[in-house]
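Peer 1:
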Amino acid sequence: MTVHSNDGQSWLTKLERIGKKSACNKQQVFNNLGHLLNSDMLKGQFLRLDGNKAVGIDRMTKSAYGEHLDGNIHNLILRIRRGTYRPKARITQIPKEDGSKRPLAISCIEDKLVQLAVSDILSRIYEPLFLPCSYGFRPGLNCHAALKALQQQTYRNWNGAVVEIDIRQYFNTIPHIELMNLLRKKISDRRFLRLIKVLITAPVIEGKQISDNVCGCPQGSIVSPVLANIYLHYVIDEWFDEISRSHIHGRAEMVRYADDMVFTFEFLSEAKRFYKILPKRLSKYGLALHSDKSQLIPAGHVAAMRANQSGGRLPTFNFLGFTCYWGISRKGFWRLKLTSRKDRFAAKLKGLRDFLWKNLNTPDKRRVLTIVIRVIKGWINYHGISDNQRRVGQFIYQSKRVLYRWFNRKGGRRGLTWEKLTLILKVLGYPSSWKVHSMFNSC
1 MTVHSNDGQS
11 WLTKLERIGK
21 KSACNKQQVF
31 NNLGHLLNSD
41 MLKGQFLRLD
51 GNKAVGIDRM
61 TKSAYGEHLD
71 GNIHNLILRI
81 RRGTYRPKAR
91 ITQIPKEDGS
101 KRPLAISCIE
111 DKLVQLAVSD
121 ILSRIYEPLF
131 LPCSYGFRPG
141 LNCHAALKAL
151 QQQTYRNWNG
161 AVVEIDIRQY
171 FNTIPHIELM
181 NLLRKKISDR
191 RFLRLIKVLI
201 TAPVIEGKQI
211 SDNVCGCPQG
221 SIVSPVLANI
231 YLHYVIDEWF
241 DEISRSHIHG
251 RAEMVRYADD
261 MVFTFEFLSE
271 AKRFYKILPK
281 RLSKYGLALH
291 SDKSQLIPAG
301 HVAAMRANQS
311 GGRLPTFNFL
321 GFTCYWGISR
331 KGFWRLKLTS
341 RKDRFAAKLK
351 GLRDFLWKNL
361 NTPDKRRVLT
371 IVIRVIKGWI
381 NYHGISDNQR
391 RVGQFIYQSK
401 RVLYRWFNRK
411 GGRRGLTWEK
421 LTLILKVLGY
431 PSSWKVHSMF
441 NSC
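Taking full-length UniProt numbering, the leading residue of the sequence shown gets 1, the next gets one more, and so forth.
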């Protein structure tokens, strides 16, 4: 892998050529990728960085790094070329809903440049290979597209089954040896592969403790999403695509967003067979099924109708922050519907309350309100989908009540009426309506 500091051709043009090669020849193996890592590319990646993000262990900000950008980039390229580049990462623990903690990588500016460059190269190589079932961290795709695909899949299976899968601590348990072996299917450039290994094995720095990262791709690292997608592409997507055509009777489909995935089957018996062999497949690649968060349940609009006629309901399942349940459409037939998960709904309101109470005595109310309204709009933009209007309306109202209590407790007296608060929030752009993202236009 030869690393150049300059090159006549645009690095974007070279990336496009790699993408075209990969698309035209799925068997193409890339053996010279280092020429992309030149000063032009790294400077381009520098422009993409968000200067407001948390700084790494070296405390270097984007503006400070940019004061001597040419020299810093030149020095970085030399270290990459000589094989002496070593990233550093600070790890903070983020609490999860189940009480456990998720490691989140906070990288230095320089490491982010390398991560962005490697991520771009990998994306160009693998994007043409990824299957239509994969929606996470891919251009032009998002959670709403994945949810809509799930709607359509369940509609096609009248009386089958759904398998909801959760991989236990997926990002933190991806085995490095197996990941590197899978990368060698498409990449033979040893130095580029070594650079990837250096990135994923960067030491973990938490407080004053330093330890080697021997397993996993920490969430927060820019290169982790594409590596996680590549791993599950081989471990799950390609494997399921093959067995669904050769070993499973009836229709069998899947939709995956990162490590969040749901499988739909035309026949319950086939779903049971699949659910039995899946843990063995995961174990082969160093992964484990989270049994408490995975399940096999009957599904389909015929199954839902029969359950209702018997006085019952089909079990629900979760996907991408939504609870999926069976209900009657406006046209009078049963179909899958989505509503925001109750625990996530409550957690978001609690987060708003906690933030406001931490800022109880702030003199800058407008700044606090601007932040809160931005968070509320972000939640609404994601959750404002078909069938979820009631829950979104509840969130808008409950968030407003939280703000009302905050205003009236701030000074120790109740001097702000609901009507006056409504006027204040209207001026600041507090949402009263929202765009509904249609999940299933034909229903």
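Don't be surprised by glycine CBs; every beta carbon is placed ideally from N, CA and C.
Please return the same chain residues whose Cβ sits closer than 7 Å to the Cβ of Phe407, not counting the five positions on each side in sequence.
Peer 2: Taking the sequence shown and counting its residues from 1, the one referred to as residue 407 is at position 407. Taken in chain order, the residues that qualify are Leu416 and Leu421.
Peer 1: Ordered along the chain, which non-local residues of its own chain (more than five positions away) have a Cβ less than 7 Å from that of Lys377?
Peer 2: As a position in the sequence shown, residue 377 is number 377, starting the count at 1. So the list reads Pro431, once near-sequence residues are dropped.
Peer 1: What residues in its chain sit with their C-beta under 7 Å from that of Pro315, if we drop five residues either side in the sequence?
Peer 2: Taking the sequence shown and counting its residues from 1, the one referred to as residue 315 is at position 315. The answer, listed in chain order, is Ile297.
Peer 1: Below 8 Å, can you find three or more Cβ-Cβ pairs linking the stretch 189-196 to the stretch 237-251?
Peer 2: no
Peer 1: Does the beta-carbon of Cys324 have 16 or more other beta-carbons within 10 angstroms, so that it is buried, or is it exposed?
Peer 2: One-based indexing of the sequence shown puts residue 324 at position 324. With 16 or more other Cβ atoms within 10 Å, it is buried.
Peer 1: Using only the alpha-carbon positions, how far apart do Ile200 and Ala258 sit?
Peer 2: Counting from 1 along the sequence shown, the entry for residue 200 is found at position 200. Counting from 1 along the sequence shown, the entry for residue 258 is found at position 258. Roughly 18 Å separates the two Cα atoms.
Peer 1: May I ask you to verify whether the stretch 261-273 touches the stretch 142-162, counting CB pairs closer than 8 Å and requiring at least 3?
Peer 2: They touch, by the three-pair rule.
Peer 1: Would you give the residue range spanned by the alpha helix (DSSP H) that Met305 belongs to?
Peer 2: Your numbering for residue 305 matches position 305 in the sequence shown. Counting along the chain, the alpha helix (DSSP H) containing Met305 begins and ends at His301 to Gln309.
Peer 1: Taking Thr154 as part of the alpha helix (DSSP H), name the residues at either end of that continuous run.
Peer 2: Sequence index remark: in the sequence shown, residue 154 carries index 154 (1-based). From DSSP, the alpha helix (DSSP H) with Thr154 extends over Cys143 to Arg156.
Peer 1: Select from Gly66, Ala161 and Tyr65 the residue whose C-alpha is nearest the C-alpha of Arg251.
Peer 2: By one-based count along the sequence shown, residue 251 stands at place 251. Among Gly66, Ala161 and Tyr65, the Cα nearest to that of Arg251 belongs to Ala161.
Peer 1: In its own chain, which residues sit with a C-beta less than 8 Å from the C-beta of Val372, not counting the 5 before and 5 after it?
Peer 2: Sequence index remark: in the sequence shown, residue 372 carries index 372 (1-based). The answer, listed in chain order, is Leu352, Phe355, Leu356, Ser399 and Leu403.
Peer 1: Kindly provide the ranges of any beta strand (DSSP E) runs that are 3 or more residues long and lie completely inside the stretch 172-230, ordered along the chain.
Peer 2: 204-206 and 209-211
Peer 1: Residues in its own chain within less than 7 Å of Gln389 by CB, not counting five upstream and five downstream?
Peer 2: On the sequence shown, position 389 is the one that residue 389 refers to. Result list for Gln389: Val436, in chain order.
Peer 1: Check Arg405 in the structure and name its three-state DSSP category.
Peer 2: Position 405 of the sequence shown, counted from the first residue, corresponds to residue 405. DSSP, read as helix, strand or coil, puts Arg405 in helix.
Peer 1: Is Gln295 helix, strand or coil by DSSP?
Peer 2: Within the sequence shown, the letter at position 295 stands for residue 295. It is a strand residue.
Peer 1: With a 10 Å radius around its C-beta and 16 neighbouring C-beta atoms as the bar for buried, classify Leu338 as buried or exposed.
Peer 2: On the sequence shown, position 338 is the one that residue 338 refers to. Leu338 should be labelled buried.
Peer 1: Have a look at the DSSP bridge pairing and note the partners of Gly426.
Peer 2: Here residue 426 refers to the residue found at position 426 of the sequence shown. The displayed chain sequence assigns Lys, not Gly, to residue 426. By DSSP's assignment, Lys426 forms no beta bridge with any residue.
Peer 1: Quick check on the burial criterion: 16 or more other C-beta atoms within 10 angstroms. Buried or exposed for Gln394?
Peer 2: On the sequence shown, residue 394 is found 394 positions in, with the first residue counted as 1. Exposed, since its Cβ has fewer than 16 Cβ neighbours within 10 Å.
Peer 1: Under 8 Å by Cβ, that's how I've got Leu42 and Arg124 pegged, so tell me the actual separation to the nearest angstrom.
Peer 2: For the purposes of this step, residue 42 is identified with residue 42 of the sequence shown, where counting begins at 1. For the purposes of this step, residue 124 is identified with residue 124 of the sequence shown, where counting begins at 1. The beta-carbon distance between Leu42 and Arg124, rounded to whole angstroms, is 16 Å. This is too long to meet the 8 Å contact definition.
Peer 1: Assess, as a yes-or-no matter, whether the stretch 307-322 is touched by the stretch 143-150 under the definition of 3 or more beta carbon pairs within less than 8 Å.
Peer 2: yes
Peer 1: Helix, strand or coil for Asn75, going by three-state DSSP, please let me know.
Peer 2: Translated into the one-based positions of the sequence shown, residue 75 becomes position 75. Helix, per DSSP.
Peer 1: Straight-line CA distance for Glu164 to Ala64?
Peer 2: Walking along the sequence shown from the start, residue 164 turns up at place 164. Walking along the sequence shown from the start, residue 64 turns up at place 64. Whole-angstrom Cα-Cα distance: 47 Å.
Peer 1: Count the other CB atoms, across all protein chains shown, that sit within 10 Å of the CB of Gly312; report buried if there are 16 or more and exposed otherwise.
Peer 2: Your numbering for residue 312 matches position 312 in the sequence shown. Burial call: exposed.
Peer 1: What residue from Ile222, Asn308 and Thr362 has the CA that sits closest to Phe171's CA?
Peer 2: Position 171 of the sequence shown, counted from the first residue, corresponds to residue 171. Checked all of Ile222, Asn308 and Thr362; the closest Cα to Phe171 is Ile222.
Peer 1: For Ser10, collect the residues of the same chain with a Cβ closer than 8 Å to its Cβ; drop the 5 residues on either side in sequence, then sort them by chain order.
Peer 2: For the purposes of this step, residue 10 is taken as residue 10 along the sequence shown, with counting starting at 1. Hits under 8 Å: Asp40.
Peer 1: Using 8 Å for Cβ pairs, my map puts Val235 next to Tyr285. What's the rounded Cβ distance?
Peer 2: By 1-based counting over the sequence shown, the position of residue 235 is 235. By 1-based counting over the sequence shown, the position of residue 285 is 285. Going by Cβ atoms, the distance from Val235 to Tyr285 rounds to 5 Å, so yes, they are a contact pair.
Peer 1: Locate the beta strand (DSSP E) running through Lys337, then write down its first and last residues.
Peer 2: Your numbering for residue 337 matches position 337 in the sequence shown. Counting along the chain, the beta strand (DSSP E) containing Lys337 begins and ends at Trp334 to Ser340.
Peer 1: How big is the Cα-Cα spacing for Tyr397 and Ser283?
Peer 2: The residue labelled residue 397 in the question sits at position 397 within the sequence shown. The residue labelled residue 283 in the question sits at position 283 within the sequence shown. One C-alpha to the other measures close to 46 Å.
Peer 1: Apart from the five residues just before and just after Ala149, which ones in its own chain have a Cβ nearer than 6 Å to its Cβ?
Peer 2: Against the sequence shown, residue 149 aligns to sequence position 149. The answer, listed in chain order, is Val255.
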